[in-house]
Ligand SMILES: Cc1cc2nc3c(=O)[nH]c(=O)nc-3n(C[C@H](O)[C@H](O)[C@H](O)COP(=O)(O)OP(=O)(O)OC[C@H]3O[C@@H](n4cnc5c(N)ncnc54)[C@H](O)[C@@H]3O)c2cc1C
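In the working numbering, the protein residues as written are 90 to 601.
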């Protein structure tokens with residue numbers, strides 16, 4: 090692998106969805122610009138967290154007819170069986186506000202929502218293969234495929250397919266990619282404008298890349314246990330990492346150290362899910378990836394190792410609870426919990442998350458047997474476990490169960506309710522799995538100008554000339570919780586804007 094060039098026009102740090110979106114946008118805005126992406130990971134880890142995703146993109150849309158032209162897996166005979174509500178810009182804005190307790194930055198949220206549909210169309214035009222997400226986002230109820238939770242699109246072959254498509258689009262537009270190249274410092278002139286980046290090429294070669302514009306797209310600090318404990322709080326060093334081990338927060342720190350980049354957003358917050366307790370702790374698995382996710386809790390209940398329920402498993406559709414459920418699990422003794430179901434609901438669990446080849450199934454033909462199986466892997470209080478299930482079963486009222494809507498089938502009289510999809514757990518055989526908290530990405534990042542994603546200086550309050558920031562590194566949009574599929578859309582929306590602005594910087598210099 091040849092080393093990166095000593096000069097280029099636009100340098101993107103980080104080769105995930107946000108970085109590739111920015112690079113493509115820059116190359117399209119100014120076809121004469123030399124656009125380079127560097128990434129510190131080796132080739133075997135290319136694609137960052139993006140590679141690990143399910144490729145789910147949230148966008149405002151006008152219903153099925155609006156999305157059908159984008160997708161390659163829905164012939165007319167299948168489309169005739171689909172129910173998909175319109176997801177308006179108002180709906181998306183409302184979801185961002187309610188997920189974040191009204192703390193999302195309104196200017197950033199507005200750009201994210203308003204650009205979302207156009208950004209997806211742009212990706213599709215550039216060869217990203219979209220599909221309707223039947224397996225994750227629709228349930229078949231009475232012969233109709235009912236989409237739910239405001240999220241309908243994914244990429245073919247998930248994150249792996251998305252990274253392949255980005256690479257192809259980048260190559261077509263002359264974008265060069267160099268792995269094994271870590272950014273270690275940002276260089277500026279006496280006026281504070283970006284002039285270059287110092288890098289360390291594997292194994293030990295320091296180089297300087299001179300450039301007029303830098304786009305930071307190097308992910309958050311989710312793979313750094315020390316920073317997790319420091320910013321997210323005690324216990325977070327024990328969370329399992331869902332994705333790349335290379336998102337260690339170094340570029341966030343470099344930007345703060347070298348250009349006094351202003352911090353923004355929820356530095357104690359992160360996206361974290363229910364995750365297989367048997368998964369590797371410090372690194373995601375590029376083969377199994379999302380198979381470790383365990384988001385079937387709305388169909389059953391969860392108890393901690395003391396046998397107590399600790400969360401309303403049915404407070405909302407999964408897309409609106411799965412990103413904060415990891416925090417609730419992390420707060421339990423031993424950072425573990427058990428998810429359980431009976432024979433009425435096990436068939437509704439998604440094979441991609443629960444198949445026995447990947448997930449350890451704890452089984453019982455009675456609840457006592459199930460408690461015994463759980464006790465073998467860490468359940469401490471079997472008696473409380475059984476009493477909890479009994480209390481829960483007694484609290485459930487009859488009604489019509491429908492997993493594709495908030496069906497209002499709730500418990501009555503429990504201190505921790507289950508607000509929807511509450512069926513008694515009473516039909517053998519029973520199934521449980523053991524979960525822990527899997528961290529996806531961190532919410533804290535850098536402050537930017539929403540129009541261009543230009544980085545703001547803490548010292549001057551002005552933009553750092555020539556510096557942009559996108560993707561997980563951009564702070565201010567997500568707080569506490571997150572509407573599923575918004576991270577990729579954010580990376581593309583702000584990546585496009587940053588790429589355009591960076592290429593225009595270069596164009597302006599050319600004209601001088
Ligand atoms: C298992 C999993 C599933 C997910 N599913 C979804 C989903 O379906 N939909 C969704 O919207 N979001 C999903 N997410 C969140 C999603 O990953 C992010 O929103 C998005 O991919 C982040 O893109 P990015 O470009 O900001 O970062 P990344 O894709 O992580 O890219 C950052 C890159 O920066 C590189 N880097 C780090 N430090 C340096 C340095 N010093 N120098 C050079 N390079 C550096 C890293 O090696 C990495 O390749 C998921 C995440 C995980 C882990």
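Note that the Cβ used here is the ideal one computed from N, Cα and C, for glycine as well.
Keep in mind it's a predicted model, so treat the numbers as computed, not measured.
Exercise. Determine the extent of the alpha helix (DSSP H) in which residue 130 is found, giving its start and end residues.
Key: For residue 130, there is no enclosing alpha helix (DSSP H), since its DSSP letter is neither H nor E.
Quiz item: Alpha carbon to alpha carbon, how far is residue 168 from residue 241?
Solution: 13 Å
Quiz item: How do the region 366-379 and the region 401-411 stand: do at least 3 beta-carbon pairs fall below 8 Å, yes or no?
Solution: no
Quiz item: Going along the chain, which residues of its own chain have a beta-carbon closer than 6 Å to the beta-carbon of residue 466, five neighbours each way excluded?
Solution: 523
Exercise. Can you check the region 133-180 for any alpha helix (DSSP H) of at least 4 residues that lies completely inside it and give the ranges in chain order?
Key: 137-141, 153-156 and 165-168
Quiz item: On the three-state DSSP scale, how would you describe residue 517?
Solution: coil
Practice problem: May I ask you to check if the CB of residue 537 is nearer than 7 Å to at least one heavy atom of ligand 1? | Solution: no
Self-check item: Every unbroken beta strand (DSSP E) within the region 222-262, with a cutoff of 3 residues, ordered by chain
Solution: 227-230, 233-236 and 242-244
Quiz prompt | Between the CA atoms of residue 166 and residue 416 - distance to the nearest angstrom | solution = Residue 416 and residue 166 have their C-alpha atoms some 42 Å from each other.
Quiz item: Taking the alpha helix (DSSP H) that residue 394 falls in, what are its first and last residues?
Solution: Looking at the DSSP string, residue 394 is not in any alpha helix (DSSP H), and its letter there is neither H nor E.
Exercise. Tell me whether residue 603 counts as near ligand 1, meaning its Cβ is closer than 7 Å to at least one heavy atom of that ligand.
Key: Missing from the structure shown is residue 603; the chain here goes from 90 to 601 and no further.
Quiz item: Which class does residue 546 belong to by DSSP, given the choice of helix, strand or coil?
Solution: strand
Self-check item: Bridge-paired residues (DSSP) for residue 568
Solution: 570
Quiz prompt | Endpoints, beta strand (DSSP E) assigned at residue 101 | solution = 99-102
Quiz item: Do you know how far the Cα of residue 305 is from the Cα of residue 97?
Solution: 15 Å
Practice problem: Hey, could you find the ends of the beta strand (DSSP E) residue 285 is sitting in? | Solution: Taken as a continuous stretch (DSSP letters only), the beta strand (DSSP E) holding residue 285 covers 283-290.
Quiz item: With distances taken from CA atoms, which of 475, 473 and 514 is nearest residue 486?
Solution: 514
Quiz item: Starting from residue 362 and walking both ways along the beta strand (DSSP E), at which residues does that stretch end?
Solution: 359-365
Practice problem: Tell me the start and end of each unbroken alpha helix (DSSP H) in the region 308-384 that is at least 4 residues and wholly inside, in chain order. | Solution: 339-348
Quiz item: Residues bridged to residue 478 by DSSP?
Solution: Looking at the DSSP output, residue 478 bridges to nothing.
Self-check item: alpha helix (DSSP H) segment containing residue 411, residue limits
Solution: 411-419
Quiz prompt | Straight-line gap, residue 247 to residue 279 (C-alpha atoms, nearest Å) | solution = 45 Å
Quiz item: CA-CA distance, residue 530 and residue 332?
Solution: 9 Å
Quiz prompt | the region 108-117 contacting the region 544-553, beta-carbon criterion three pairs below 8 Å | solution = The answer is no - the region 544-553 does not touch the region 108-117, with fewer than three Cβ pairs under 8 Å.
Quiz item: Below 8 Å between beta carbons: does that hold for residue 687 and residue 294?
Solution: Here the chain covers residues 90 to 601 and nothing more, so residue 687 does not appear.
Practice problem: Look at the Cβ atom of residue 109, then the Cβ atom of residue 239, and state whether they are nearer than 8 Å. | Solution: In terms of Cβ geometry, residue 109 and residue 239 do not form a close pair [threshold 8 Å].
Self-check item: Cα-Cα separation, residue 492 to residue 225
Solution: 12 Å
Quiz item: So is residue 539 buried or exposed if we call it buried at 16+ other beta carbons inside 10 Å?
Solution: Flag for residue 539 reads buried.
Practice problem: Note the first and the last residue of the continuous alpha helix (DSSP H) segment covering residue 296. | Solution: Counting along the chain, residue 296 falls outside any alpha helix (DSSP H), though it belongs to the beta strand (DSSP E) covering 294-299.
Quiz item: Measuring CB to CB, does residue 578 end up less than 8 Å from residue 148?
Solution: yes
Practice problem: Count the CB pairs spanning the region 545-559 and the region 122-129 that are closer than 8 Å, and state whether there are at least three. | Solution: no
Quiz item: Under the three-state reduction of DSSP, which class applies to residue 434: helix, strand or coil?
Solution: Look at residue 434 here: in three-state DSSP terms it is coil, with no helix or strand label.
Quiz item: If we ignore side chains and look at the alpha-carbon of each, how far apart do residue 348 and residue 291 end up?
Solution: 25 Å
Exercise. Taking only heavy atoms of ligand 1 into account, decide whether any of them is closer than 7 Å to the Cβ of residue 163.
Key: no
Quiz item: What is the rounded straight-line gap between the Cα of residue 275 and the Cα of residue 107?
Solution: 19 Å
Quiz prompt | Residue closest to residue 422, alpha-carbon to alpha-carbon, out of 436, 393, 412 and 429 | solution = Minimum Cα distance to residue 422 is reached at 393.
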